[in-house]
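Reading through the structure tokens given below for one structure.
Here you go:
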């Protein structure tokens, strides 16, 4: 497992310059007008749900990536702390935002520990890269990073039956495995973890003192929004 985690980090470092091709449906990810329109409609549904959480004082973004959601958080929060293992994506994020109230922390989220608490903890397309045997440990960190009455918002990929979410030359997901092989534009291959967590995640979050609801946008995304539970 540790080898796969290291390879996963290496993959996202190598992919930094082409990551937004996936998000914006460019090149190998362009699936035609109809699929692309559906994708962007669902992205906007997620963004609308996220905006509905704000405004907040402090926001923590885990696996901040190239900043597509950091831009939204920056309009909602007085302070944003963006964490990612890849210095390459953080450079893109920083150049994209150029916001003084957004700060950056380079850290492997499997070893990272929260040093403060926040009104909102957010993550996008990260939880699916957390193996099931590491999920409870990671969620315990999320809970410790939340203020009393704080919120969490996480968004990730649904198991896309049409296979139009990924690149045209990506292998299909194996329903019996949590491992998946990804290909970069230059032909390099990397193995990553990919887990499609479903609505049962709500029960897992409840064990960590987070009351949440799970929703889907249609074909491509799910999101879970929750608050610290009171006992």
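Numbering (the working numbering), first residue to last: 6 to 236.
C-beta: ideal position from N, C-alpha, C; glycine also.
*Tell me, please, whether the segment 61-79 touches the segment 91-102 by the rule of three or more beta-carbon pairs shorter than 8 Å.*
Touching, per the Cβ criterion.
_Run of the alpha helix (DSSP H) containing residue 16, from where it starts to where it stops_ = Position 11 of the chain shown holds residue 16. Residue 16 -> alpha helix (DSSP H) spans 7-19.
*Over the uninterrupted alpha helix (DSSP H) stretch that includes residue 28, give me the two end residues.*
Against the chain shown, residue 28 aligns to sequence position 23. Its alpha helix (DSSP H) spans residues 24-28.
*Proximity test, Cβ basis, 8 Å: residue 206 and chain C*: In the structure shown, chain C does not exist; there is a single protein chain.
_residue 145, DSSP secondary structure in three states_ = Taking the first residue of the chain shown as 1, we reach residue 145 at position 140. Residue state, collapsed to three classes: helix.
*Starting from residue 227, follow its DSSP beta bridges and name the residues at the other end.*
Here residue 227 corresponds to residue number 222 of the chain shown, with the count starting at 1. The partner list for residue 227 (beta bridge, DSSP) reads 161 and 221.
*Output yes or no for whether 8 Å exceeds the beta carbon distance between residue 10 and residue 115.*
Residue 10 sits at position 5 when you count from the first residue of the chain shown. Residue 115 sits at position 110 when you count from the first residue of the chain shown. Contact flag set, yes.
_Cβ pair residue 57, residue 82 closer than 8 Å_ = To locate residue 57, count along the chain shown from 1; it is residue 52. To locate residue 82, count along the chain shown from 1; it is residue 77. Taking 8 Å as the Cβ cut-off, residue 57 and residue 82 do not qualify as a contacting pair.
*Which residue comes first and which comes last in the beta strand (DSSP E) that contains residue 185?*
Position 180 of the chain shown, counted from the start, is the residue given in the question as residue 185. Note, residue 185: beta strand (DSSP E), 184-188.
*Would residue 231 be called buried (16 or more neighbouring beta carbons within 10 Å of its own) or exposed?*
By 1-based counting over the chain shown, the position of residue 231 is 226. Buried: at least 16 other Cβ atoms inside 10 Å.
*With which residues is residue 84 paired in a DSSP beta bridge?*
Sequence index remark: in the chain shown, residue 84 carries index 79 (1-based). Looking at the DSSP assignment, residue 84 forms a beta bridge with 63.
*asked:* Just to confirm, is the Cβ distance from residue 88 to residue 112 under 8 Å?
replied: Translated into the one-based positions of the chain shown, residue 88 becomes position 83. Translated into the one-based positions of the chain shown, residue 112 becomes position 107. Yes, the pair counts as a contact, with Cβ atoms nearer than the cut-off.
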